[in-house]
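K.L.:
There are 2 protein chains.
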Amino acid sequence: MPKTYKFFLFILFFSFVSAFSYSASSSPLLTKKQRFSVDNFQTTSGKIIPRVDIGWESYGELSANKDNVILIAHYYSGTSHAAGKYNATDTSNGYWDSIIGPGKAIDTNKYFVLSSDTLVNVNFKDPNVITTGPASINPLTRKPYGISFPLVNVRDFVNVQHALLESLDIKTLHAVAGPSMGAVQALEWASAYPSMVERVIAVVGYGELGMFQKAAFSNWAASIKLDPNWNDGDYYGKAEPINGMISSLRQTILAAYYNDFLQERFEDDANTNTSPKNSILADYTIDHWMQDAASARAKISDANHILYLSRAAETFRIGHGNSMREGIAPIQAKTLLIPATNDQLLPLTLSKNLYKEMKAQGKRVAYEEIEGPFGHLDGIVSIAQKSDVIKDFIETN
Amino acid sequence: MPKTYKFFLFILFFSFVSAFSYSASSSPLLTKKQRFSVDNFQTTSGKIIPRVDIGWESYGELSANKDNVILIAHYYSGTSHAAGKYNATDTSNGYWDSIIGPGKAIDTNKYFVLSSDTLVNVNFKDPNVITTGPASINPLTRKPYGISFPLVNVRDFVNVQHALLESLDIKTLHAVAGPSMGAVQALEWASAYPSMVERVIAVVGYGELGMFQKAAFSNWAASIKLDPNWNDGDYYGKAEPINGMISSLRQTILAAYYNDFLQERFEDDANTNTSPKNSILADYTIDHWMQDAASARAKISDANHILYLSRAAETFRIGHGNSMREGIAPIQAKTLLIPATNDQLLPLTLSKNLYKEMKAQGKRVAYEEIEGPFGHLDGIVSIAQKSDVIKDFIETN
């Protein structure tokens, strides 16, 4: 592997925890976090949330007739910060900065790109995140909801975004795009609001999980529930289930990787670090690295939010009906599926099944694989590889 | 899927926790657990264990000149119980009963098949397991060792087996075979005692892990270490880190599976069980199933033993030298590698790398893949698929 690539990986490593960052242009794309609120939001299960607040941000200018909107939906541990910086001095950019910006695949000189935090966003304590979930104060009781907060699903995420768009008087989406759980939201948009959505770009996503993946999400959740401090979700103002969260997040972090990157990053360690052979208390560098990454994420996360978001990811099926087939039926958007070849968390078969079912129903669907050493994370880290494909998909009918 | 196969999967499910069982013959192969002890066992790291006790069992008869011995080494969560029953009324057989027995691939009418529990066997509280590790009483202090027990590696496991063979005056092995961590022991045998080992059958094994797999083992260990009851390994006579063990074992259990089996087993559940959509306290049947399986295993396991065994699996490199190449060099045995096509825990690349390196050194090595819906577990559940290959390998030179 060439030295420059090694250096790139090194840099990447240090920017991993908060966001994958690149400094592609000399004048940074600046954005600011805004708040959107809606009262008495009704969930798809029929529950009322007295007040929903979510954060959002945008890049580019909304056209006079509001027909140039591209919505970006974020991944499981992501936020609305898809591109640019909040301040020129920020050390990292939004996670898809390599394809969103002036002259980039998603060209902010042409499009008004909008992105919002989901409900039950895991990064509840991140000062740049605005979300509503179990850790939020219930205005009726003035205490955190805890697990009295209603379960929400991906359709609910979409419906909050829909309300945000309504508040901006936006009636059509030139495209909806996102990686991983963002892809899932993009697909759900096309199923739920078919006449509003012209294009879907679903990167490392799925129409429905297999049982193996559901079981993995269940394990992430179990590690939290097994921490006595979780206390059935009632830990606000008490000791939080930090250890359970770290155990959970270690699994989440590892699942997103592929061996090739880890091998490259830690191979010297494998040959020189003999400490794991000397004491059960000693660890490998890779062990230490995962512990640090998980601990840093645990600090800004809320345990109940992780459980709620995991459940939403686990139970998602496009359209939320009786079958994937049924959920695909209403779709009018042309769709681009971009799975990652080495994705072990959401293996290729998931996107292939979705592609096959969409084709069978005569939908306009294209399929492109991202190659790369990162696995699931290639949907973020290596997305620029598909810049031309994405640009072409967005700019043609 | 045909109904009979469905029924087979159903039966398999219920026999999963303790062992995969089959009742292939009408008169059961009976065996009994025996104890082997060695004083002042020296580990490869130079430490002395005052007394090592391990359990072993055998099937078939030792020939007069003791040249018909086949040694079976067990997998991570396994025991010496590779075949047969301890009592005619036992409801399950040893894990490889489909290939070990009279007239089977490993024919107990011809061979004396021997199998032993490893050091630091995880099933410390299983009444049929005899092992020595952190939970054992240190004869010098009359208290459990805890983490004062020296770290042991796969070479140490092999050396204990070597001492057992010496006690029986056995000087050559017609073959050494095993699945997963058993494969690893078989390979280590051929590297450590090349003149003793004529054949190696390494099923779903590896010569050395990749960083992704090491990280997975680290996560299993971390879930235990993050349980405050672990208390740096000092929990004997106090509350044990049961929750950490369950969290760890859920990961271990899932990692051994492939989606196809789980999908078949739980697919009806996916369509009918709506409870996970109603409360964060509700679970999927698959979630419940993993929790039950992990809890049952936690009851007979010792947390420190899990940590010690994970470390041995994680740090293994054939020959325990500076490279896999170096460890392969001394091997004289002809070797059969049998990875499983759908193995996600130890992916095919591991066996392919090993095959390639052995070929490059001019070793006699063959490669055969097991197909199946179980993933890593196909090395146990579907092993009979390779009966002819194994029989031929054993009975020719």
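Note that the protein sequences, when read in sequence, are chains A and B. Sequential numbering from 1 applies to the first sequence in my numbering. Sequential numbering from 1001 applies to the second sequence in my numbering. Each residue gets a CB set at the ideal place from its N, CA and C atoms; glycine is no exception. Note that the structure is predicted; figures quoted are calculated from it, not measured.
1) At the 8 angstroms Cβ level, is VAL381(A) part of the contact set with chain B, yes or no?
2) Could you say if the region 34-53 of chain A and the region 94-108 of chain A meet the contact criterion of at least three C-beta pairs nearer than 8 angstroms?
3) Could you tell me which whole alpha helix (DSSP H) segments of length 4 or greater appear in the region 171-220 of chain A?
4) Against TYR258(A), what residues of chain B qualify as contacts under a CB-to-CB distance less than 8 angstroms, listed in chain order?
5) Assess contact between the region 345-360 of chain A and the region 304-311 of chain A, defined as three or more Cβ pairs (one per stretch) separated by less than 8 angstroms. Is contact present?
6) Buried or exposed, going by whether 16 or more other CB atoms sit within 10 Å of the CB of ASP1227(B)?
7) If you count every other CB in all the chains shown that lies within 10 Å of the CB of ASP1169(B), and 16 or more means buried, which is it?
8) Between SER387(A) and chain B, is any beta-carbon pair separated by less than 8 angstroms?
9) Residues in the same chain with beta-carbon distance under 6 angstroms from ARG1297(B), minus the five sequence neighbours each way, listed in chain order, please.
10) So if I threshold CB-CB distances at 8 angstroms, which residues from the region 1225-1248 of chain B count as touching chain A?
11) Whose Cβ in chain B lies nearer than 7 angstroms to the Cβ of ILE286(A)?
12) Spell out whether any CB of chain A is found under 8 angstroms from the CB atom of GLN1263(B).
13) Going by CA-CA distance only, name the one from TYR1075(B), GLU1188(B), PRO1241(B) and GLN1344(B) that's closest to ALA1329(B).
14) Given a limit of 9 angstroms on CB to CB distance, which residues of the region 1142-1158 of chain B reach chain A?
15) Do GLU1057(B) and LYS1033(B) count as a contact pair if the criterion is CB distance below 8 angstroms?
16) Count the C-beta pairs between the region 1106-1113 of chain B and the region 1203-1212 of chain B that are closer than 8 angstroms, then say yes if the count reaches three, no if not.
17) 8 angstroms is my cut-off, CB to CB: does TYR1308(B) come that close to chain A?
18) Given this structure, state the Cα-to-Cα distance separating LYS225(A) from TYR145(A), to the nearest angstrom.
19) If you drop the 5 nearest sequence neighbours on each side, which residues of the same chain put their C-beta closer than 8 angstroms to that of SER382(A)?
20) Could you tell me the alpha carbon to alpha carbon distance between GLY1233(B) and VAL129(A), rounded to whole angstroms?
21) Would a C-beta distance cut-off of 8 angstroms place TYR1075(B) and PRO1179(B) closer than the cut-off?
22) Can you give me the start and stop residues for the beta strand (DSSP E) that ILE48(A) sits inside?
23) Jot down the residue ranges of each uninterrupted alpha helix (DSSP H) in the region 1065-1142 of chain B, minimum 4 residues, whole runs only, in chain order.
24) Quick one: Cα of ASP392(A) to Cα of TYR193(A), how far?
25) Quick check on LYS1334(B): does DSSP put it in helix, strand or coil?
26) Using the beta-carbon of each residue, which ones in chain B are nearer than 8 angstroms to MET290(A)?
27) For chain B, find out if any of its Cβ atoms is closer than 8 angstroms to the Cβ of SER25(A); answer yes or no.
28) Using a Cβ-Cβ cutoff of 9 angstroms, what residues of the region 1337-1363 of chain B are near chain A? List them in chain order.
29) Decide yes or no for the touch test of the region 156-169 of chain A against the region 290-305 of chain A: beta carbon pairs closer than 8 angstroms, at least 3 of them.
30) Can you name the start and end residues of the beta strand (DSSP E) that ARG35(A) belongs to?
31) Is ARG1311(B) close to chain A, meaning its C-beta is less than 8 angstroms from at least one C-beta of that chain?
32) Taking its Cβ as the centre, do 16 or more other Cβ atoms sit within 10 Å of ASP1156(B), making it buried, or is it exposed?
33) Assuming ALA1303(B) contacts TRP1230(B) (C-beta within less than 8 angstroms), just tell me the rounded distance between them.
34) Can you pull the chain B neighbours of PHE266(A), defined as C-beta to C-beta under 7 angstroms?
35) Anything in chain B within Cβ reach of LEU254(A), meaning under 8 angstroms, just list it in chain order.
P.N.:
This is what the structure holds:
1) no
2) no
3) 181-192
4) PHE1212
5) no
6) buried
7) exposed
8) no
9) LEU1249
10) LEU1226, ASP1227, PRO1228, ASP1232, GLY1233, ASN1243, GLY1244, ILE1246 and SER1247
11) MET1211, LYS1214, ALA1215 and SER1218
12) yes
13) GLU1188(B)
14) ILE1147, PHE1149, LEU1151 and ASN1153
15) yes
16) no
17) yes
18) 17 angstroms
19) ALA340, ILE370, GLU371, GLY372 and PHE374
20) 39 angstroms
21) yes
22) 48-59
23) none
24) 24 angstroms
25) strand
26) ALA1215, SER1218, ASN1219 and ALA1222
27) For SER25(A), the predicted structure reports a pLDDT of 47, less than 50, and the residue's modelled location is therefore unreliable. A value from the coordinates is still provided. False, the Cβ-Cβ gap to chain B never drops below 8 angstroms.
28) GLN1344, PRO1347 and THR1349
29) no
30) 34-42
31) yes
32) buried
33) 6 angstroms
34) MET1211
35) PHE1212, ALA1215, ALA1216 and ASN1219
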